[in-house]
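Undergrad: In the numbering used here, the protein residues as written are 243 to 680. I'd like to ask you about the structure that follows.
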Amino acid sequence: MFDKLSSKITEVFKKFRNQTHLSERHVDEALKEMRLALLEADVSLVVVKQLIESIRAKAVGQEIVKNINPAQMMIKIVHDVLVDVLSVGTCEFSLKASPHYIMMVGLQGSGKTTTSAKLAYYIEKKLKKKTLLVSLDVYRPAAQEQLKILADSQEFLSLPIHQKDGIFDILKRVPDFVKTHMVDVVILDTAGRLHIDVDMLQELKTISSRTQLHDVLLVSDLMTGQDSAKIAKEFLSHVSLTGLILTRGDGDGRGGAALSMGYVTGCPIKFLGVGEKIDQLEEFSPKRIASRILDQGDIVSLVEKAQEMADIGNTNELMKMMSKKNLNFNDFHKQLSMMLKMGKFSNLLSFIPGFNQIKGQIKDEDVSKTLKRQIAVITSMTLKERVNPLLLNGMRRKRIAKGAGVDIVFVNKLIKQFEGMNQMMKKVKQKKGLFSKF
Ligand SMILES: Nc1nc2c(ncn2[C@@H]2O[C@H](COP(=O)(O)OP(=O)(O)OP(=O)(O)O)[C@@H](O)[C@H]2O)c(=O)[nH]1
Ligand SMILES: [Mg+2]
């Protein structure tokens, strides 16, 4: 889907190969070509503008990290900007209740029924939950059978078909069936229409009023290009959607709609259909899509590593910090952020005397969570408080705790830790040499 765009962008990057830095002229030239490539791929104009402006802002004058050339740096910048534009809300799909009710909506032929079955497959296999497929398409002959056949092929549950039932009769039978079969997730497949019309909207409204829906997912066909965003926007103005599922990602469309949909609608893309088979539904991952477009995944991680190393190797800043008489919370913030960036705390701790034994007990995720909360506490302090920690009285601590979403005990602990660190640094400065071990 992104083949053409991908090869065009690769061409653009080649221009930077022999450069020593990212000059404004070269960046502008490259961006002109990238703009054309994006427009040709059918990316919507607002998104193209946003992408180009962000890349430009990040690229011009960007320092090139050691061991990385400008072309590689540019790839990383474009990658990050693409990820930003693709990340609207939470793309991750999760279940919020049991039973969790999902309604699938969309225009005729967009892929609702196929995707309902694919979603059931995803939930059964990946989330290990029991699903029930329910067809509310009482209009198209054999529409209910279509869903039943898909369910039967995987031995998934589907609500028995009663030919004369209307939508409400069907909905009425669901709760009992859910109870007796201990269903975790109900997927309601609805009828498609050629256009968003009054009847359809009325029907969706009535379904929502009779069933407590946890997800309303709009199934949208990527082959309709820019129109898919228009359709999605129209749906959004009438129905409270929780996410989008894009289908026919395997088609030879130009891929622009996949890039623009989230940004234009402000609604997160949850899945991408990439074929007719039941297992051809991918979780929508902005990072994966960006890597697919750039086709340079290894370079992106290479630059990431080099940047991390540059941060860690940025001992100048650390040294400057250490030579200060009194550290303040800005310094502490910098230290915590640096640690957070370095990751792999369990490995880092092994360099500190005495910590080697407990290395195995430390979980990186726990440390990272605590660091993030500590950083949030410092961010909730005013600038004055950060440079003058003596100001931090009880009232202020309470306010900070509230702002950071933690309890006061956590704030007190952090301040104690900060004071302890300050004292230790003073001692270290007296006994120079201790830190040479690091
Ligand atoms: N190649 C490809 N085909 C798909 C994909 N998703 C759905 N289809 C096909 O699109 C066609 C229509 O899909 P349906 O699931 O019946 O669409 P629908 O929205 O339920 O249609 P109506 O109920 O008539 O509104 C079927 O032939 C599917 O196999 C996809 O991701 N890739
Ligand atoms: Mg259908």
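Even for Gly, the Cβ is constructed at its ideal location relative to N, Cα and C.
Three-state secondary structure (DSSP) at Phe335?
TA: If you number the sequence shown from 1, residue 335 lands on position 93. Coil at Phe335, not helix or strand.
Undergrad: Taking DSSP as the reference, what is the three-state secondary structure of Lys512?
TA: Here residue 512 refers to the residue found at position 270 when the sequence shown is read from its first residue. Strand.
Undergrad: Measure the C-alpha to C-alpha separation of Gly517 and Gln659 and round it to an integer number of angstroms.
TA: Sequence index remark: in the sequence shown, residue 517 carries index 275 (1-based). Sequence index remark: in the sequence shown, residue 659 carries index 417 (1-based). So the alpha carbons of these two residues sit roughly 54 Å apart.
Undergrad: According to the Cβ coordinates, are Arg490 and Asp457 closer than 9 Å?
TA: Start at 1 with the first residue of the sequence shown, and residue 490 comes out as number 248. Start at 1 with the first residue of the sequence shown, and residue 457 comes out as number 215. It is not a contact, given that the beta carbons lie outside the stated cut-off.
Undergrad: What residues are listed by DSSP as bridge partners for Glu225?
TA: Since the first residue of the chain shown is 243 and the last is 680, residue 225 is not available in this structure.
Undergrad: Does the Cβ-Cβ distance between Tyr343 and Val461 come in under 9 Å?
TA: Position 101 of the sequence shown, counted from the start, is the residue given in the question as residue 343. Position 219 of the sequence shown, counted from the start, is the residue given in the question as residue 461. Not in contact: Tyr343 and Val461 (Cβ atoms no closer than 9 Å).
Undergrad: Report whether the distance from the Cβ of Lys354 to the nearest heavy atom of ligand 2 is below 8 Å.
TA: Along the sequence shown, one-based indexing puts residue 354 at 112. Lys354: yes, Cβ under 8 Å from ligand 2.
Undergrad: Please list, in chain order, all residues of the same chain as Ile365 whose beta carbon is under 6 Å from its beta carbon, the five residues on each side excluded.
TA: Here residue 365 refers to the residue found at position 123 of the sequence shown. If we look at Ile365 and ignore the five residues flanking it on each side, its Cβ neighbours are Lys371, Thr373, Val427.
Undergrad: Please list the terminal residues of the continuous alpha helix (DSSP H) segment that includes His342.
TA: Residue 342 sits at position 100 when you count from the first residue of the sequence shown. No alpha helix (DSSP H) contains His342, which is instead part of the beta strand (DSSP E) from 342-347.
Undergrad: May I ask whether a heavy atom of ligand 1 can be found less than 8 Å away from the beta carbon of Asp379?
TA: The count along the sequence shown starts at 1 and reaches residue 379 at position 137. For ligand 1, at least one heavy atom lies less than 8 Å from the Cβ of Asp379.
Undergrad: How many Å lie between Ile642 and Val290 at the Cα?
TA: Here residue 642 refers to the residue found at position 400 of the sequence shown. Here residue 290 refers to the residue found at position 48 of the sequence shown. When rounded, the distance between both Cα atoms is 40 Å.
Undergrad: Could you give the distance in angstroms between the alpha-carbon of Lys367 and the alpha-carbon of Lys360?
TA: As a position in the sequence shown, residue 367 is number 125, starting the count at 1. As a position in the sequence shown, residue 360 is number 118, starting the count at 1. Cα-Cα distance, rounded: 10 Å.
Undergrad: Using 9 Å as the threshold, is the C-beta distance between Met345 and Ser470 below it?
TA: Numbered from its first residue, the sequence shown carries residue 345 at position 103. Numbered from its first residue, the sequence shown carries residue 470 at position 228. Their beta carbons are not under 9 Å apart, which means Met345 does not touch Ser470 by this criterion.
Undergrad: State the DSSP-derived secondary structure class of Ile438, mapped to helix, strand or coil.
TA: Start at 1 with the first residue of the sequence shown, and residue 438 comes out as number 196. It is coil, neither helix nor strand.
Undergrad: By how many angstroms is the C-alpha of Ser479 removed from the C-alpha of Asp411?
TA: Sequence index remark: in the sequence shown, residue 411 carries index 169 (1-based). Sequence index remark: in the sequence shown, residue 479 carries index 237 (1-based). The straight-line gap from Cα to Cα measures roughly 28 Å.
Undergrad: If you draw a straight line from the alpha carbon of Ile294 to that of Arg277, how long is it in whole angstroms?
TA: On the sequence shown, position 52 is the one that residue 294 refers to. On the sequence shown, position 35 is the one that residue 277 refers to. Between Ile294 and Arg277, the C-alpha separation is close to 7 Å.
Undergrad: Just to check, is the beta-carbon of Asp431 closer than 8 Å to a non-hydrogen atom of ligand 2?
TA: As a working mapping, residue 431 is identified with position 189 in the sequence shown. Checking the Cβ of Asp431 against ligand 2 gives yes.
Undergrad: I need the DSSP call for Thr432, collapsed to helix, strand or coil.
TA: Start at 1 with the first residue of the sequence shown, and residue 432 comes out as number 190. Looking at Thr432 - three-state DSSP - the assignment turns out to be coil, as it is neither helix nor strand.
Undergrad: Which residues mark the beginning and the end of the beta strand (DSSP E) in which Leu375 is found?
TA: Residue numbering aside, residue 375 sits at position 133 when the sequence shown is read from its first letter. Per DSSP, Leu375 belongs to the beta strand (DSSP E) from 373-377.
Undergrad: Going by the DSSP bridge assignment, what does Thr489 pair with across the sheet?
TA: Against the sequence shown, residue 489 aligns to sequence position 247. Asp463.
Undergrad: Just the C-alpha distance for Asn598 and Gln665, rounded to the nearest angstrom, thanks.
TA: On the sequence shown, position 356 is the one that residue 598 refers to. On the sequence shown, position 423 is the one that residue 665 refers to. Confidence at Asn598 is low in this model, with a pLDDT of 47, below 50, so the placement of that residue should be treated as unreliable; the coordinate-derived value is given next. Taking the straight line from one Cα to the other gives about 24 Å.
Undergrad: Do Leu247 and Ala301 have their beta-carbon atoms positioned less than 9 Å apart in this structure?
TA: The count along the sequence shown starts at 1 and reaches residue 301 at position 59. The count along the sequence shown starts at 1 and reaches residue 247 at position 5. Cβ atoms of Ala301 and Leu247: not closer than 9 Å.
Undergrad: When the Cα atoms are used, what is the spatial distance from Tyr505 to Val330?
TA: Residue 505 sits at position 263 when you count from the first residue of the sequence shown. Residue 330 sits at position 88 when you count from the first residue of the sequence shown. The straight-line gap from Cα to Cα measures roughly 6 Å.
Undergrad: Judging by CA-CA distance, which residue of Ser296, Ile310, Lys250, Met316 is the nearest neighbour of His268?
TA: Counting from 1 along the sequence shown, the entry for residue 268 is found at position 26. The candidate whose alpha carbon is nearest that of His268 is Met316.
Undergrad: CA-CA distance, Ala474 and Ile429?
TA: Position 232 of the sequence shown, counting from 1, holds the residue named residue 474. Position 187 of the sequence shown, counting from 1, holds the residue named residue 429. Their backbone Cα atoms lie some 20 Å apart in a straight line.
Undergrad: Kindly indicate which three-state DSSP category Val506 falls into: helix, strand or coil?
TA: Within the sequence shown, numbered from 1, the residue matching residue 506 stands at position 264. Of the three classes helix, strand and coil, the one that applies to Val506 here is helix, per DSSP.
Undergrad: Mind checking whether Leu375 and Ala362 have CB atoms under 9 Å apart?
TA: Numbered from its first residue, the sequence shown carries residue 375 at position 133. Numbered from its first residue, the sequence shown carries residue 362 at position 120. Yes; because the gap between Cβ atoms is below 9 Å, this pair is in contact.
Undergrad: Taking only runs that begin and end inside the stretch 361-417, name each unbroken alpha helix (DSSP H) of 4 or more residues, in chain order.
TA: Listed in chain order, the complete alpha helix (DSSP H) runs (minimum 4 residues) inside the stretch 361-417 are 385-395.
Undergrad: Using the C-alpha atoms, what's the distance from Val323 back to Ile297?
TA: As a first step, residue 297 is located in the sequence shown; it is residue number 55 there, counting from the start. As a first step, residue 323 is located in the sequence shown; it is residue number 81 there, counting from the start. Cα to Cα, the separation comes out at about 6 Å.
Undergrad: Confirm, please, whether the CB-CB distance from Arg452 to Leu401 is below 9 Å.
TA: Stepping through the sequence shown from its first residue, residue 401 is reached at position 159. Stepping through the sequence shown from its first residue, residue 452 is reached at position 210. Result no, Cβ atoms of Leu401 and Arg452 do not sit closer than 9 Å.
Undergrad: Let me check you understand the geometry: is the CB of Arg534 closer than 8 Å to at least one non-hydrogen atom of ligand 1?
TA: Numbered from 1 along the sequence shown, position 292 holds the residue referred to as residue 534. No, the Cβ of Arg534 stays beyond 8 Å of every heavy atom of ligand 1.
Undergrad: What does DSSP give as the partner residues of Asp457 in its beta bridges?
TA: As a position in the sequence shown, residue 457 is number 215, starting the count at 1. Its beta-bridge partners are Ile344.
Undergrad: Using DSSP with H/G/I as helix, E/B as strand and the rest coil, what is Val330?
TA: Position 88 of the sequence shown holds residue 330. Coil.
Undergrad: Which partner residues does Val609 have in the DSSP bridge list?
TA: Indexing the sequence shown from 1 puts residue 609 at position 367. In the DSSP output, where bridge partners are listed per residue, Val609 has none listed.
Undergrad: What did DSSP end up calling Val653 once you bin it into helix, strand or coil?
TA: Numbered from its first residue, the sequence shown carries residue 653 at position 411. Three-state DSSP puts Val653 in a helix.
Undergrad: What whole-angstrom Cβ distance do Ala487 and Leu459 have, given they're in contact under 8 Å?
TA: Mapped onto the sequence shown, residue 487 falls at position 245. Mapped onto the sequence shown, residue 459 falls at position 217. Looking at the sequence itself, residue 487 is Ile, so the reference to Ala does not match. Indeed they touch by this definition, with Cβ atoms about 5 Å apart.
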